[in-house]
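Protein sequence lines correspond, in order, to chains B and W.
No gaps in the numbering here: position 339 of the first sequence is 344 in the working numbering, and each next residue is one more.
No gaps in the numbering here: position 133 of the second sequence is 134 in the working numbering, and each next residue is one more.
Written out below as structure tokens is the structure these notes cover.
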Amino acid sequence: MTNKVIMLGNEAIARGAYEAGVKVSAAYPGTPSTEISESIIKYKEVYAEWSPNEKVAAEVAIGASLAGVRSLASMKQVGLNVASDPLYTFSYMGVNAGMVFVVADDPGLYSSQNEQDTRAVARAAHVPVLEPSDSQEAKDFVKFAYELSEKYDTPVIVRTTTRLSHSQGIVELNDRAEIADKPYKKDIRKNVMIPGFAKFRHVAVEQRDIALTKDASELPINKVEMNDTKIGVITSGMSYQYVKEALPRASVLKLGIINPLPRKLIEDFAGKVEKLYIIEELDPVIEQQVTSWGIKAVGKEILTVQGEYSANMLRQAIGGEVLALEQPAEVPARPPVLCPGCPHRSVFSVLSKLKLHAAGDIGCYTLGALPPLGVIDEFVCMGASISTMHGIEKAKGKEFSKEWVAVIGDSTFLHTGINSLMNMVYNKATSTVIILDNSTTGMTGHQDHPATGKTLMGEVTYMMNLKALCVAMGINHVVEVNSFDLAAMESAVKEAINKDEISVIIAKSPCVLLDKQKRQGYRILADKCKKCGMCLKPGCPAMRKSADGTVQIDETMCNGCGLCKSLCKFGAIEQAGEK
Amino acid sequence: MKTTNIMIVGVGGQGTLLTSRILGGLALDAGYDVKLSEVHGMAQRGGSVVTYVRYGEKVAEPIIEEGMADIIIAFERLEALRYAHFLKKDGVLIANDQKIEPMPVLLGMADYPENVLENLAKKYTLFSVDAMQQAKQLGNSRVFNIIVLGLVAKHMKFSKEEWYKVIEKTVPPKTVEINKKAFDAGYQL
Ligand SMILES: Cc1ncc(C[n+]2csc(CCOP(=O)(O)OP(=O)(O)O)c2C)c(N)n1
């Protein structure tokens with residue numbers, strides 16, 4: 006029996022944490038980091054939770070470390086922005102038992118609103134950052150991160166990227182290390198960061214930086230592969246794989262630690278090669294430091310700070326190869342769409358009819374910005390719909406904001422929307438907020454949250470009541486409406502926007518993908534269809550106009566929500582099996 | 002041994018992940034180094050999806066680039082056309098003859114190209130099957146991707162027993178029989 010298996014980068018990260026003896030893991034979902042938590046729950050020795058947001062998750066893991074057990078917080082790159090407040094100060098405090106942040110960057114923007122580079126955040130926070138380049142290393146580096154964390158008394162960031170997190174490779178499994186819990190020690194000079202104590206901890210941070218910089222050159226996670234010395238490449242993470250593919254004869258210094266950089270190792274390597282390239286996806290984090298030491302290197306001037314790299318890109322930019330590639334055929338794009346039967350579509354069809362603007366947020370419902378619905382005007386980051394709506398009202402007044410609503414998903418509302426809503430109450434807003442409550446975190450693949458009644462580990466728990474929550478905040482006008490009841494939704498929205506007080510509408514209907522029972526699909530009665538196109542307006546992907554102008558419904562795609570039937574004035578749509 | 006490069010393309014929700022897991026398991030059992038790569042997330046919402054499978058002595062990058070694919074498995078016509086230029090000169094395109102219209106086409110903002118497979122066959126070595134139709138005949142439309150895989154198997158060097166073994170390990174126990182039948186249906190084409 007071999008102990009080699011194929012693992013997703015994220016599964017390997019979870020495995021690494023398990024083998025390192027981690028006992029507490031906390032996270033908020035976010036592509037491409039979500040599967041770390043979803044995989045870690047198979048290890049019964051680990052307590053794992055979804056926290057309502059990344060700041061909370063980080064603090065849970067910090068608490069566990071202070072108490073004396075190894076802990077993990079995982080998130081996507083923008084999640085670290087939310088968690089950066091605890092990150093920066095925990096860097097001063099240092100750990101009791103090892104604590105690791107796994108942060109997933111998204112070069113190529115497969116599912117994010119920006120392409121920020123976590124390695125730069127790690128530098129700013131004076132926290133070591135490691136960068137694995139395949140599933141095996143993902144596991145090994147996470148384990149190594151715990152050793153570093155405890156040896157140097159610091160949280161450690163392991164940076165992954167979409168390509169690593171969502172690639173599978175062969176991983177050799179080991180047993181879990183039996184790590185004894187550390188005793189809890191009260192130490193206010195280290196753990197209470199009032200200015201008087203923090204001042205001294207800042208000294209400790211600087212000493213740690215110096216010590217780590219010195220030791221970094223000796224760490225086993227860096228690798229020198231001397232080959233032909235005409236071309237030398239310094240690289241890390243997934244870029245290493247592209248280098249091996251495109252420039253098999255080059256000498257390579259593969260960095261496992263990016264902050265602090267192993268300066269001596271880099272200077273030695275640079276001295277041995279004729280022409281030095283630095284190849285890293287996103288920001289020139291390695292390049293800027295190395296060139297600031299007076300080392301000549303080529304990097305971003307021939308490559309780019311955007312998107313993913315590839316071997317072909319390097320073959321052309323560095324190898325000077327001219328690739329005779331075929332041109333892709335011109336084909337219509339296939340963008341992601343709201344699923345057939347999605348309750349968000351129904352709510353948006355009302356907002357579209359009323360010609361309202363929407364301050365948007367992030368989730369499946371952000372797709373409502375695209376044609377044919379086109380109801381969302383702006384979206385910045387999680388929770389921002391409600392607060393930008395408030396800013397719009399304060400800027401232009403009540404009359405202006407009557408033409409707007411804020412729309413936010415249930416998971417996003419509980420993530421950070423709740424603070425923004427509190428602000429609206431406090432600062433006397435009159436605008437309208439619609440919480441799109443589909444009873445799940447849809448976009449990232451259906452994770453539970455505080456209002457679903459289930460934990461990450463599958464236990465039943467208290468189900469937060471969104472209406473009661475809003476009422477408790479001091480909002481008088483809170484109504485719950487079935488997302489598919491178009492008439493009720495329309496009158497609720499009209500009433501809300503015309504009120505001189507803040508209103509919350511909770512649009513309720515579970516995500517259609519959660520509903521395992523397939524409902525009967527709908528069909529068109531061609532003889533009654535007047536070809537008016539009303540039913541096509543919300544853009545259901547199961548519906549199309551046929552050559553003669555009548556509408557067709559694809560029975561294999563229809564999820565039976567009935568929105569089209571509600572929109573048809575001529576009774577030309579019926580549910581299969583209906584008389 | 003040269004690395005073998007297989008791409009699986011289709012529409013989110015068509016089950017490309019199961020197909021890649023079977024191919025990955027096959028290569029792993031045969032003792033190769035394997036890498037698979039797919040992008041989750043947005044793609045689930047009916048978007049265009051692509052999965053890469055690479056195996057050989059030692060695999061570096063997990064993706065397959067233009068002009069590198071030995072085999073492209075396309076679960077939908079338009080997606081076959083979108084990715085066909087990733088094929089090597091002597092590569093093989095295996096297509097499921099199914100049409101799923103993307104939103105721009107449904108909205109009348111773009112046209113779904115005509116005679117996609119016929120035109121692709123002029124340029125590439127192409128084998129196609131209406132797997133959905135065949136799967137319905139077998140009584141389970143969900144196994145259409147395993148029918149396609151059976152057709153793919155004819156162009157790969159693994160024995161039928163090796164395929165059976167990995168199918169048994171990968172699909173839910175209750176569906177082993179129907180999946181093997183589906184595989185056979187594709188293999189016999
Ligand atoms: C700070 C941050 N964390 C995580 C994410 C990833 N993310 C995007 S949408 C989303 C949740 C969406 O859930 P919900 O608000 O319930 O809307 P739904 O998708 O169900 O419509 C998450 C977690 C993010 N973009 N930013």
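Beta carbons: idealized from backbone N, C-alpha and C, even for Gly.
Being a predicted model, the structure only gives us computed values, none of them experimental.
Proximity of residue i and residue j at Cβ, strictly below 9 Å
i, j, result
"T17(W)", "E58(W)", "no"
"C540(B)", "M548(B)", "yes"
"V342(B)", "M104(W)", "yes"
"T437(B)", "E313(B)", "no"
"H482(B)", "A434(B)", "no"
"H454(B)", "S416(B)", "yes"
"A102(B)", "A129(B)", "no"
"F76(W)", "V149(W)", "yes"
"S406(B)", "G242(B)", "no"
"E66(W)", "Q246(B)", "no"
Contacts of residue i in chain W (Cβ-Cβ under 8 Å)
i, result
"P265(B)", "Correct list: empty, because the minimum Cβ distance to chain W is about 27 Å."
"P137(B)", "The contacting residues do not exist; P137(B) stays about 13 Å from chain W at best."
"K249(B)", "A61, E62"
"L372(B)", "R46"
"H171(B)", "S38, E39, V40, H41"
Where residue i sits in the DSSP three-state scheme
i, result
"M318(B)", "helix"
"E183(B)", "coil"
"S129(W)", "strand"
"K584(B)", "Only weak support exists for where K584(B) lies, its pLDDT of 49 falling under 50; the value from the coordinates is given anyway. Residue state, collapsed to three classes: coil."
"V172(W)", "coil"
"K433(B)", "coil"
"M80(B)", "strand"
"V310(B)", "coil"
"M6(B)", "At M6(B), the pLDDT of 47 sits below 50, so the modelled position is not reliable; the number obtained from the coordinates is stated separately. Looking at M6(B) - three-state DSSP - the assignment turns out to be coil, as it is neither helix nor strand."
"G151(W)", "helix"
"L107(W)", "helix"
"G14(B)", "helix"
"R55(W)", "strand"
"G174(B)", "strand"
"I381(B)", "strand"
"L568(B)", "helix"
"M548(B)", "strand"
"E250(B)", "helix"
"H482(B)", "strand"
"Q332(B)", "coil"
"I510(B)", "strand"
"Y115(B)", "coil"
Identity of the residue in the options nearest residue i by Cα
i, options, result
"W298(B)", "N317(B), I271(B), Y282(B), V278(B)", "I271(B)"
"E250(B)", "S117(B), P225(B), M318(B)", "M318(B)"
"V117(W)", "P337(B), E383(B), D180(B)", "P337(B)"
"N15(B)", "A62(B), L169(B), Y151(B)", "L169(B)"
"V130(W)", "T52(W), D98(W), A136(W), E119(W)", "D98(W)"
"A473(B)", "I511(B), V257(B), E54(B)", "I511(B)"
"M157(W)", "R46(W), Y125(W), L94(W), G14(W)", "L94(W)"
"H131(B)", "E142(B), F149(B), Q141(B), I162(B)", "I162(B)"
"T449(B)", "K187(B), Y33(B), K574(B)", "Y33(B)"
"N443(B)", "A456(B), N432(B), Y431(B)", "A456(B)"
"G576(B)", "A88(B), P546(B), R528(B), G565(B)", "R528(B)"
"R268(B)", "V105(B), Y247(B), R339(B), V295(B)", "V295(B)"
"E579(B)", "K550(B), K533(B), G544(B)", "K533(B)"
Partner residues on chain W for residue i, Cβ-Cβ distance less than 9 Å
i, result
"G544(B)", "M104, L107, L108"
"L330(B)", "E66, E67, G68, H86"
Closer than 7 Å at the beta carbon, the chain W residues around residue i
i, result
"T240(B)", "Per Cβ cutoff of 7 Å: no residues; T240(B) is ~12 Å from chain W at best."
"C516(B)", "The premise fails here: C516(B) is roughly 11 Å from chain W at the closest Cβ pair, so nothing lies under 7 Å."
Residues that residue i contacts on chain B, provided the C-beta gap is smaller than 8 Å
i, result
"Y113(W)", "P337"
Under 9 Å from the C-beta of residue i: neighbouring residues of chain B
i, result
"V35(W)", "I11, Q173, G174, I175"
Chain-ordered chain B contacts of residue i [CB-CB under 7 Å]
i, result
"S49(W)", "R339"
Hey, is the region 90-105 of chain B in contact with the region 191-209 of chain B, meaning 3+ C-beta pairs nearer than 8 Å?
yes
Check whether the region 142-159 of chain B touches the region 211-229 of chain B, taking contact to mean three or more Cβ pairs, one atom from each stretch, closer than 8 Å.
yes
For the region 257-266 of chain B against the region 68-76 of chain W, are there 3 or more C-beta pairs whose distance is under 8 Å?
no
Does the count of Cβ pairs from the region 484-504 of chain B and the region 413-428 of chain B closer than 8 Å reach three?
no
Does the region 129-147 of chain W come into contact with the region 181-188 of chain W, if we say contact requires no fewer than three beta-carbon pairs (one atom in each stretch) closer than 8 Å?
yes
If contact is defined by three or more beta carbon pairs under 8 Å, each pair taking one atom from either stretch, is the region 567-576 of chain B in contact with the region 106-115 of chain W?
no
Would you call the region 77-97 of chain B and the region 33-51 of chain B touching, i.e. three or more CB-CB distances under 8 Å?
yes
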